[in-house]
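What follows is a set of notes on a single structure, which appears directly below.
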Amino acid sequence: MSLFFIVALPFFGALLPGLMNAAGRSACSGVTFTVSLAAFVGLLTNLPTVLAGEVVMARVDWMPSLGLNFTLMLDGLGFFFALLILGIGLLIIAYARHYLSRDDNMGEFFTYLLLFQGAMVGIVLSDNILLLLVFWELTSLSSFLLIGYWKHLPEGRQGARMALVVTGTGGLSMIGGMLILGQIVGSYDLSVILQSRDLIQADPLYVPALILILLGCFTKSAQFPFHFWLPHAMAAPTPVSAYLHSATMVKAGIFLMARMWPVLSGTPEWFMIVTSAGLVTMVLGAVIALFKHDLKALLAFSTVSHLGLITMLLGTGTAFGAMAAVFHILNHATFKAALFMSAGIIDHEAHTRDIRRLGGLRSLMPVTFVIVTLAALSMAGIPLLNGFLSKEMMLEEAAHTTLFGAPWLVPALAVLGSLFSAAYCFRLIGHVFLGPVRDDYPAKPHDPNAGMWLPPALLVVLVVVIGVAPFLAEPFVKLVTASVLGDAAVLPKAHFKIWHGLVPALFMSIIAVVGGLLMIAVFKPALRLWDATPRPEAKDIFDALVEAVARLARALILPLHNGAFTRYAAIGTVAIVVAGFHAWNTGTVGAPTRAVQPMTPVAIAGWAMLVAATVGMVLMHRNRFLSLMLIGIVGLMVSIGFVFFSAPDLAMTQFTVEVVTIILLLLALNFLPNQTPVESTVLRRVRDVGVAIGGGLASFGLAYYYLLRDAVDTPISEFHLANAYKGGGGTNVVNVILVDFRGFDTYGEIIVLGIAALLIYALTETLLGGPVRARLLNRKPDQPRAGVVHPMMMVVLTRVIMPVILLVGFYIFLRGHNEPGGGFIAGLIVSIGVVMQYMASGFAWTSARLRYPYHGVIGAGVLIAGLTGIGSWFAGKPFLTSAFTYVRIPPFDKFELATAALFDLGVFLAVVGAVMLSLESFSRLARRAHVPDSDYPMDIDPSRDDPPTDGTKFVTEGG
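In this note's numbering, the protein residues as written are 101 to 1059.
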């Protein structure tokens, strides 16, 4: 299966759980399981290629000029992590079906899970680091949704926010590091970067790039001092915790360190930073885990400790350390997912996770007891289980590692971390399952149905099989290790065996296990000592830092961002003028190369009217109605100016926009006082006048000097003029720019236009549904109203000219690609025609004849425009690339067919829908209680007073 399908399946599949939610829990989980299974099977189809040592590549150029291409790569390392993500994901889905209660929205849960799964698969299969960063941030967002899934729990919301802040901040730093790396190499493709070890490590920017990338890895994988967010993420449902801790979220940072190992490792900086962070995290996490009473908290801190172990192994920079890290990633995924699911089983059946309220569950939950015991002993490093093998390899590597010039430091800390790791594993078994049966459980504990215990049991089978027969896993682990090492190191020849003789690692392991048993024997006094010892709480420090940043932001922002537009405008204008003056003063200006055009009487008259309207608007701006009329005059004169300078497209657009805008604002004036109150002091108004004059003169001077001189470089307009017909199939350059060269901009603009109209609709709905509605309905006009609201002459006129307007709009639409016009102008013209129907016959009569809701018209326009752009992909072209041809249908002459017309149709529909939805929203607000809606198109219609022609008796009012 194509790598694109493997990555895309979870994302597209995320649409299904919500749709299947109403069909039942089994249908919802079943479709989710099927999606993950399809991706899993698709991954396995590439297994023969990966086992042969080859790399599967897939590439689609996205934004090649920016180095951003949709490039995927599947090697041993990517296959390994994708196998964990999809394989354990299948077990989590099956487990979640039985874990979640009927009150939980299963469709929402599985939607978030598939989004998260797709983002993780995207990370491990990305060959482009910019694409990897996109998926990286998607994991932060989707994990935020998963961790905060139980929105009714404050700790869930707080854990989600904390995870998002920490991992999101780390992701920002990693973006900087990756961009530096790409600039050093000259490519953003990982396949190229991984071949540039010497170039990267010799560059002076290697250390900054390394630190920034490691910050992203450490925050994602909960390394000290960023370890605190992971235990708080346990507030998520247990299936989420099991997935995050075993195979996905926290392994993303580990994956990236392994992926970048060939080019970043082997330097003193890498060794010191990564090894130190891993060792501290390993020991600190193990110590804290021992004294946690919450089962999930204990397992969460154990995850922190084991992530530190893997990080330390990668930090040593040796091939054996990398192989041990890969092996422990596999082993940790199996026993940790089993343990978290088992903790969920205990919580589900006993209704508590508090170890102090448990004990004696061995006889009550025998199946769960076997699963937890085997998984916990594997985590403790007991022989004949897979955790023992990778722990021995870790201790062997630690025994030969020297840090800070002390050969004993790393071995001692590794043994200490292993000791506490064994101790919390023994506590998990002893304090939860052993001892007498209690009579005060919150609920009667018992083993659940097979749907809950079978997924962790399958993982425990792997724990035992790998532990007893490690040679089965050796070829695959070495294949993955070879992908990690690349050309930077030679694959170790060591073999995976249960017995390696009397080596230092064996004695270190014995010390750790025996020490763990002794720690459990003295647990109670140790717990009292732990509780009595003052220590900083990472969460409190984090909360204090967030509050300090918030206070600093408020101190900096609130004095400036206080809602006063005049202040914003003044500061912005002054800053721009000062910067421009500095550039003018320090730069050079060449001699004029163009002559000033002669002024004609028409131009002078137009300029004088424009200035008069502008000055009048400034002087009479407190009268809202007069200001609106003067603004309309300014817009009209600008339209005439466009005509004067031979820009008919701009003139038509400006004119139609003015008409629609004036009508919209006239409706809005219904709800505003006639006069704007005086709110500013004389001194402030003098300041504003000075700033306005200064900004205006500066703009005038810049425009004057620029227009008198040729462009410094070749203007983009020359490219547009030369390629409009050849590349876009149209002779109207303006239209070709809008629908082809800058079609993506236009697409974004119609989306924004549609969103603005929907927001206006939402605001009016809110007003009509709240206490403001009564005030709107019962307001009294302050001026006498005309006796005829819907005059007959206006109704007749609008009916007559409506077909003409539609015909003109259709004509303007069709001619737009080669003559002035297009979808935007045609949409505004048609909107004006429909608005006239509202004005003539009223809201009720016109709305009753509306066949298609304006929301749907907007959506149809955006959809048509988007599908037109997507269609170019099937021809191997970038998004929104136009295609055109000429056809001849007798008896007509040859004419052009262009995909740009479809895009223009989308623009047309979006404009009509947005304008009409906005005007309709204001019209509904304009209705008053004492003005009844008429069922007729006009107020006076003599035919309504004619006697009936069918012979029935005519009844007059009061008769």
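All C-beta atoms, glycine included, are put in the ideal place defined by N, C-alpha and C.
Original post:
How would you write the range of the beta strand (DSSP E) that Asn169 sits in, first residue to last?
Top reply: First-last of the beta strand (DSSP E) with Asn169: 168-174.
Subject >> Nearest neighbour of Ile106, chosen from Val649, Val350, Gln217, Thr756 [CA to CA] >> reply: Minimum Cα-Cα distance from Ile106 among the listed residues Val649, Val350, Gln217, Thr756 corresponds to Gln217.
**OP:** Just list the alpha helix (DSSP H) runs in the stretch 467-523, keeping only unbroken ones of 4 residues or longer that don't cross its boundaries, in chain order.
**Re:** Within the stretch 467-523, the complete alpha helix (DSSP H) runs of at least 4 residues are 486-499.
**OP:** Mind checking who Phe984 pairs with in its DSSP beta bridge?
**Re:** DSSP output for Phe984 lists Ala998 as bridge partner(s).
Original post:
Should Thr91 and Thr267 be called a contact, given that it needs their Cβ atoms to be closer than 8 angstroms?
Top reply: Absent from the structure is residue 91, since the part of the chain shown begins at 101 and ends at 1059.
**OP:** With distances taken Cα to Cα, identify the nearest neighbour of Pro636 among His721, Pro325, Trp973, Leu1009.
**Re:** Checked all of His721, Pro325, Trp973, Leu1009; the closest Cα to Pro636 is Pro325.
**OP:** Sort Ala127, Ile188, Leu231 by Cα distance to Gly282 and report the nearest one.
**Re:** The shortest C-alpha separation from Gly282 is found at Leu231.
Subject >> Three-state secondary structure (DSSP) of Gln775 >> reply: Reduced to three states, the DSSP call for Gln775 is strand.
Original post:
Are the Cβ atoms of Ala437 and Ile188 separated by less than 8 angstroms?
Top reply: Yes, they are a contact pair.
**OP:** Measure the C-alpha to C-alpha separation of Gly316 and Gly271 and round it to an integer number of angstroms.
**Re:** Between Gly316 and Gly271, the C-alpha separation is close to 5 angstroms.
Original post:
For Ser226, which three-state DSSP category applies?
Top reply: DSSP places Ser226 in the strand class (E or B) of the three-state scheme.
Original post:
Could you check where the beta strand (DSSP E) with Met157 kicks off and where it finishes?
Top reply: 156-163 is the extent of the beta strand (DSSP E) around Met157.
Subject >> Beta carbon of Leu728 nearer than 8 angstroms to that of Leu764 >> reply: Going by C-beta atoms, Leu728 is not nearer than 8 angstroms to Leu764.
**OP:** Quick one: using the 10 Å Cβ neighbour count with 16 as the cut-off for buried, is Asp749 buried or exposed?
**Re:** The C-beta of Asp749 has 16 or more other C-beta atoms within 10 Å across all chains shown, which makes the residue buried.
**OP:** Give the range of the alpha helix (DSSP H) segment to which Gly80 is assigned.
**Re:** Residue 80 lies beyond the residue range present for the chain, which begins at 101 and ends at 1059; the question has no answer from this structure.
Subject >> Val957 - containing alpha helix (DSSP H), residue span >> reply: Val957: member of the alpha helix (DSSP H) spanning 954-971, first to last residue.
Subject >> Per DSSP, cross-strand counterpart(s) of Asp454 >> reply: Under the DSSP definition of a beta bridge, Asp454 partners with Asp394.
Subject >> N- and C-terminal bounds of the alpha helix (DSSP H) containing Thr145 >> reply: That residue, Thr145, is in no alpha helix (DSSP H); it is neither H nor E in DSSP.
Subject >> Other residues of its chain near Phe989: CB distance less than 6 angstroms, five sequence neighbours each side excluded >> reply: According to the sequence displayed, residue 989 carries Ile and not Phe. Nothing meets the Cβ criterion.
Original post:
In angstroms, rounded to a whole number, what distance separates the CA positions of Val833 and Leu215?
Top reply: Looking at the two C-alpha atoms, the distance is approximately 42 angstroms.
**OP:** With a threshold of 16 other CB atoms inside 10 Å of the CB of Met494, please say whether the residue is buried or exposed.
**Re:** Per the 10 Å Cβ criterion, buried.
Original post:
Taking one C-beta from the stretch 345-364 and one from the stretch 384-391 each time, how about it: are there three or more such pairs within less than 8 angstroms?
Top reply: Counting C-beta pairs closer than 8 angstroms gives fewer than three between the stretch 345-364 and the stretch 384-391, which falls short of the contact rule.
Subject >> Whole-angstrom C-beta distance between Met1016 and Ser931, which should lie under 8 angstroms >> reply: Indeed, because the Cβ distance is near 6 angstroms, the residues count as touching under 8 angstroms.
**OP:** Using 7 angstroms as the cut-off, classify the Cβ of Leu103 as near or not near the heavy atoms of the ligand GDP, replying yes or no.
**Re:** The ligand GDP is absent from the structure shown, which contains no ligands of any kind.
Subject >> Stretch-stretch touch, CB-based, cutoff 8 angstroms, three pairs: the stretch 739-756 with the stretch 620-638 >> reply: Contact between the stretch 739-756 and the stretch 620-638 is absent, because fewer than three Cβ pairs lie under 8 angstroms.
Subject >> Residues of its chain near Leu769, where Cβ-Cβ distance is below 8 angstroms and the 5 sequence neighbours each way are ignored >> reply: Excluding sequence neighbours, Leu769 sits near Arg724, Phe725, Leu728.
Original post:
Got a sec, what are the start and stop residues for the alpha helix (DSSP H) Pro110 sits in?
Top reply: Unbroken alpha helix (DSSP H) run through Pro110: 103-113.
Original post:
Between the C-alpha atoms of Pro331 and Ala397, what's the straight-line distance to the nearest angstrom?
Top reply: Each residue's alpha carbon lies about 6 angstroms from the other.
Subject >> Nearest-angstrom Cβ-Cβ length linking Leu264 and Ile284, presumed shorter than 8 angstroms >> reply: About 30 angstroms; that fails the 8 angstroms criterion.
Original post:
Taking just the CA atoms, how far does Leu980 sit from Gly971?
Top reply: A direct Cα-Cα distance of roughly 8 angstroms separates Gly971 from Leu980.
Subject >> Inter-stretch contact (C-beta, 8 angstroms, three-pair minimum) for the stretch 339-351 and the stretch 192-207 >> reply: Yes: the two stretches touch, three or more of their Cβ pairs being nearer than 8 angstroms.
Original post:
Quick one: is Lys491 buried, meaning 16 or more other Cβ sit within 10 Å of its Cβ, or exposed?
Top reply: Residue burial annotation: Lys491 is buried, with at least 16 other C-beta atoms found within 10 angstroms of its C-beta.
**OP:** Could you tell me which residues DSSP pairs with Asn685 in its beta bridges?
**Re:** Looking at the DSSP assignment, Asn685 forms no beta bridge with any residue, so it has no partner.
Original post:
Roughly how many angstroms separate the alpha carbons of Thr418 and Asp813, rounded to a whole number?
Top reply: Approximately 54 angstroms, taken between the alpha carbons.
Original post:
Is Asp298 helix, strand or coil by DSSP?
Top reply: Looking at Asp298 - three-state DSSP - the assignment turns out to be helix.
Original post:
Alpha carbon to alpha carbon, what distance is there between Ala747 and Gly927?
Top reply: Computed Cα separation, rounded: 19 angstroms.
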